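Trainee: In this note's numbering, the protein residues as written are 57 to 310. One structure follows; several queries about it will come next.
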């Protein structure tokens with residue numbers, strides 16, 4: 057029971073999941089207007105901003121006196137929108153984004169733990185990780201494609217470490233050797249490879265979902281870079297759930 061409470065608290069504390077639910081509840085109140093390019097309208101972004109926990113990007117723009125001029129600037133919102141589409145909890149009709157019948161069921165008929173697992177696992181399995189990776193790959197197969205296709209191997213490896221800290225450089229070298237990723241990078245491009253793993257796999261994925269935490273240090277250019285990371289209790293729960301999961305009718309089954 058105590059473990060269940062801790063997991064529920066960790067899920068409740070996850071800002072991305074909180075804002076994912078906020079996004080769907082907002083859609084339940086009214087459709088979101090889409091621009092001619094298919095992005096969320098600026099009026100809806102402004103309304104959603106007031107409800108979101110994630111405020112860093114908005115604060116940064118305010119600090120530099122910049123204006124939010126596109127949904128694409130608010131990356132986490134694009135990620136929320138894409139995950140929702142992959143789960144079929146939203147659908148498009150002309151210039152509107154609308155909550156689906158499945159979306160209403162998601163909001164009202166399942167518990168928070170199942171909601172959270174659905175969100176994470178659908179991202180892992182149905183959303184192309186290249187969308188949120190630093191490198192603009194043009195190849196049919198990319199590093200993120202390979203890692204996504206073999207994710208269960210990675211989750212199992214991280215799970216075996218429990219809550220021990222993992223050296224980031226060693227982790228990167230291990231992935232490169234195991235999955236033969238050398239062909240994607242020349243000898244002088246190790247920095248780019250580390251960025252892909254840092255952001256595409258960790259910061260914009262596992263960290264964003266609360267599955268891992270990390271430590272950073274300044275590099276020789278005075279940029280902060282991950283030096284260690286480890287699974288959280290929530291992450292270990294999700295990895296194990298993923299490895300034992302069954303997908304039925306597009307929805308995760310506990």
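All C-beta atoms in this analysis are idealised placements derived from N, C-alpha and C, irrespective of residue type, glycine included. Quick caveat, the model's predicted, so the values are computed rather than measured.
1) Mind reading off the beta-carbon distance from residue 286 to residue 269? Whole number of angstroms is fine, and I expect it under 8 Å.
2) For residue 226, does the count of other Cβ atoms within 10 angstroms reach 16, so buried, or fall short, so exposed?
3) Could you give the residue range of the alpha helix (DSSP H) that holds residue 234?
4) Is the beta carbon of residue 81 less than 8 Å from the beta carbon of residue 163?
5) If you run the structure through DSSP and keep just helix, strand and coil, what is residue 295?
6) Assign residue 63 to one of three DSSP states: helix, strand, or coil.
7) Select from 211, 201, 151 and 289 the residue whose C-alpha is nearest the C-alpha of residue 61.
8) How is residue 129 classed by DSSP in three states: helix, strand or coil?
9) Keeping to the same chain, check which residues put their C-beta closer than 7 Å to that of residue 283; ignore five residues upstream and five downstream.
10) Hey, would you say residue 136 sits closer than 8 Å to residue 98, going by beta carbons?
11) Should residue 89 and residue 100 be called a contact, given that it needs their Cβ atoms to be closer than 8 Å?
Mentor: Per the coordinate set shown:
1) 6 Å
2) exposed
3) 224-234
4) yes
5) helix
6) helix
7) Residue 289 is the option with its Cα nearest to residue 61.
8) helix
9) 224, 271, 272 and 273
10) no
11) In this structure, residue 100 lies closer than 8 Å to residue 89 by Cβ.
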